[in-house]
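**Student:** Numbering (the working numbering), first residue to last: 1 to 706.
Structure follows, in structure tokens:
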């Protein structure tokens, strides 16, 4: 990509690898049953909720539709067992919208009855060690639940991971601000909601997926008792997985849990599963329904802009991702936080590396392994007493932080910009989608020329720079791109002769009426897709201020400003002193460009000028890892080899050797004094380039499979 802006930050230059976390939450209905729970009752209306509240307050239990269920239940057990889920038979046949509507109705009704129930078995913990406002969280008393015990004794659960998650959400929020998008935190396997409530307390929208009835009760109680939470939080009270047992895409499964950790559940699905299949050391919790996440996405608006996903499903992570495959492929959450262990994966019917391979297939990459530092042994005291369960295989437990690639995005760029694409060239192209890689190509099939290629991972962060001299052709081109990019930028700063002669680029600065007409047409056509423009400054500061004020009236989302005139080359010092005046003149974000060569420099520019963000061009051409959050640069060899491997993977059949050589040799990554310069410069084939970097065996392997 030609350039990649580095967004605003709190401490440093935060680069929005938007963290995404997925978690399935495993199923349970708290009191153990000797037989399979067939039906459950729950309040479906406010009147029903009141009936249940009165029944519980009288100390009696509404009837249970169970086979050989225990008859002696406390009032709280009755609430847990019967207040959360509807009949499984109904759930199996509901549409996705009905499932979500039903969940919303239950959440809304819960505040009408849950506050009238004395929760003797629950306790309140006030959490204050969080960024943002404090909050109250309700957890189950007792020592049989690891999470609840930790919160009641220490006041938090996995606090470093939570703080990391919130930081990533804020990074994404900053990066998406010019796009007018607010990131959602997706907590799959919310447990009692410590991660979810921490995100909500920091002002983020939250979708909390939680299967276990007792945990749902904690969630509802905490939501109802924190006034700011209800508008921010949505609870999805179902389990997630592949769910292929019937034509509705749902599965009915047995739920059971460790006796030492009663709130983390495991499921067994299938027509022939019964209580005898539950292993020793576990207790049967009842039955539950598993749905595919993909079917819920279209009917939950918040899921279209997930910034961080947490995935922690007791070994079932691969099953969840398979049921959410299209979500990861299309929505492309930037960050995924997850953990896994070989033992739990095998116990769940997966292969040890199945999750990692699946995420690799979806173009997610390990950004940080054991991302919160060395993993402390999580072996429970009774672990060695369970069949096939030892401290050794529990210690195989690893935490991963994933983000999507490739290119500048992989290294941390928040938004990437394409080179200038001429609208007249683009409207002659055909849109072609590769069924294997998902790569979208805009190709002039008559001339066999490619105008633009888009990797699936770029779609939510790629802005295409259009070169145009006409509102009509600009609109035609923008319509072609609207479904595949995150924004359209009109290039009004390119000083090259080709652009100037065609009335494009910096030529538009001399024709502001035409410039305004093009921007207005683009904004009106592709709204709500963000439209921006990139300009250069004039010698006269007042003329520059008058122009930017006029451009703001067109409805553009942000303004990129290169701090040189159209006649000044890159060797001329940038005019940084003009930025405070521009920032004060408009209300939209101003993004600075020109002479920013490092993270440290970008941070200094933002601190001294007040701009919202910084765009880099020459620095990433030299080394893409300039976008790394910690400001360190990877060795050029490492960056180059990764680039070549991506070329082999995604562009093997259509590689352009001249372009690859140009990419490697441009920007002094491998200048004429470098030992590899001659090998790259004289290479005539992609294999010869790979040979220079000693990865020709990878080329040969790809050639055999092509």
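Positions of the beta carbon are idealized from the N, C-alpha and C atoms, including for glycine.
Can you tell me the Cα-Cα spacing of residue 687 and residue 699, whole angstroms?
**Tutor:** Those two C-alpha atoms are separated by around 6 Å.
**Student:** In terms of residues, what are the limits of the alpha helix (DSSP H) holding residue 621?
**Tutor:** 618-622
**Student:** For the putative contact between residue 710 and residue 308, defined by C-beta atoms under 8 Å, what is the C-beta separation to the nearest angstrom?
**Tutor:** Outside the displayed span of the chain (1 to 706) sits residue 710, for which this structure offers no information.
**Student:** Please classify residue 5 as buried or exposed, where buried requires at least 16 neighbouring CB atoms within 10 angstroms.
**Tutor:** Any reading at residue 5 must be qualified, since the residue scores a pLDDT of 43, below 50, and its modelled position is unreliable; the value itself is stated next. Result: buried.
**Student:** Assign residue 599 to buried or exposed, taking buried as 16 or more other Cβ atoms, counted over all protein chains shown, within 10 Å of its Cβ.
**Tutor:** buried
**Student:** Where does residue 465 sit, in a helix, a strand or coil, going by DSSP?
**Tutor:** strand
**Student:** Tell me, please, which residues DSSP counts as bridged to residue 454.
**Tutor:** 440
**Student:** Nearest CA to the CA of residue 574: which residue from 558, 596, 582?
**Tutor:** 596
**Student:** How is the alpha helix (DSSP H) around residue 138 delimited, first residue to last?
**Tutor:** Careful: residue 138 lies outside any alpha helix (DSSP H), inside the beta strand (DSSP E) at 135-140.
**Student:** Which stretch, first to last residue, makes up the alpha helix (DSSP H) that contains residue 552?
**Tutor:** 541-552
**Student:** Whose C-beta lies closer than 6 Å to the C-beta of residue 544 among residues of the same chain, with five residues either side of it excluded?
**Tutor:** 537, 538
**Student:** Considering just the uninterrupted stretch of the alpha helix (DSSP H) at residue 682, what are its terminal residues?
**Tutor:** Here residue 682 belongs to no alpha helix (DSSP H), and DSSP marks it neither H nor E.
**Student:** Which residue from 224, 148, 172, 683 puts its Cα closest to that of residue 214?
**Tutor:** 148
**Student:** Between 624, 593, 568, which has its C-alpha nearest residue 579's C-alpha?
**Tutor:** 593
**Student:** Would you kindly work out how many angstroms separate the C-alpha atoms of residue 642 and residue 108, rounded to a whole number?
**Tutor:** 50 Å
**Student:** Could you give the first and the last residue of the continuous alpha helix (DSSP H) run that contains residue 593?
**Tutor:** That residue, residue 593, is in no alpha helix (DSSP H); its beta strand (DSSP E) goes 590-593.
**Student:** Take residue 305 as the anchor and find which of 328, 323, 295, 550 has the nearest alpha-carbon.
**Tutor:** 328
**Student:** With a CB to CB cut of under 7 Å and the five nearest residues on each side skipped, what residues in its chain are close to residue 475?
**Tutor:** The residues are 521, 522, 525.
**Student:** Is residue 191 near the ligand HEM, going by C-beta to nearest heavy atom under 6 Å?
**Tutor:** No copy of the ligand HEM appears in this structure; indeed no ligand is present at all.
**Student:** If I follow the unbroken alpha helix (DSSP H) through residue 480, where does it start and stop?
**Tutor:** 471-481
**Student:** Check the DSSP bridge columns for residue 534 and list the partner residues they point to.
**Tutor:** 491, 560
**Student:** Quick one, which of 198, 232, 495, 437 has its alpha-carbon nearest residue 646's?
**Tutor:** 437
**Student:** Which of helix, strand or coil does DSSP assign to residue 695?
**Tutor:** coil
**Student:** Where do the N-terminal and C-terminal ends of the alpha helix (DSSP H) with residue 201 fall, by residue?
**Tutor:** 194-201
**Student:** Taking the beta strand (DSSP E) that residue 363 belongs to, which residues open and close that run?
**Tutor:** That residue, residue 363, is in no beta strand (DSSP E); it is neither H nor E in DSSP.
**Student:** Provide the residue(s) that pair with residue 449 in DSSP beta bridges, ordered along the chain.
**Tutor:** Paired residues: 444.
**Student:** From the DSSP output, in three-state form, read off residue 504 for me.
**Tutor:** coil
**Student:** May I have the straight-line CA-CA distance separating residue 658 from residue 104, to the nearest angstrom?
**Tutor:** 56 Å
**Student:** Just to check my reading of the structure: residue 683 and residue 704 have Cβ atoms closer than 8 Å, yes? What is that Cβ distance to the nearest angstrom?
**Tutor:** Taking a contact as a CB-CB distance under 8 Å, the pair residue 683 and residue 704 does not count as one, their CB atoms being some 21 Å apart.
**Student:** Could you tell me the alpha carbon to alpha carbon distance between residue 498 and residue 231, rounded to whole angstroms?
**Tutor:** 53 Å
**Student:** Can you grab the Cα-Cα spacing for the pair residue 418 / residue 462, in whole Å?
**Tutor:** Each residue's alpha carbon lies about 7 Å from the other.
**Student:** How should residue 620 be labelled, buried or exposed, when 16 other C-beta atoms within 10 angstroms of its C-beta is the threshold for buried?
**Tutor:** buried
**Student:** Please name the residue in 455, 102, 429, 582 whose C-alpha comes closest to that of residue 435.
**Tutor:** 455
**Student:** With distances taken between CB atoms, is the gap from residue 206 to residue 233 smaller than 7 Å?
**Tutor:** yes
**Student:** With burial defined as no fewer than 16 other Cβ atoms inside 10 Å of the residue's Cβ, what is the status of residue 675: buried or exposed?
**Tutor:** exposed
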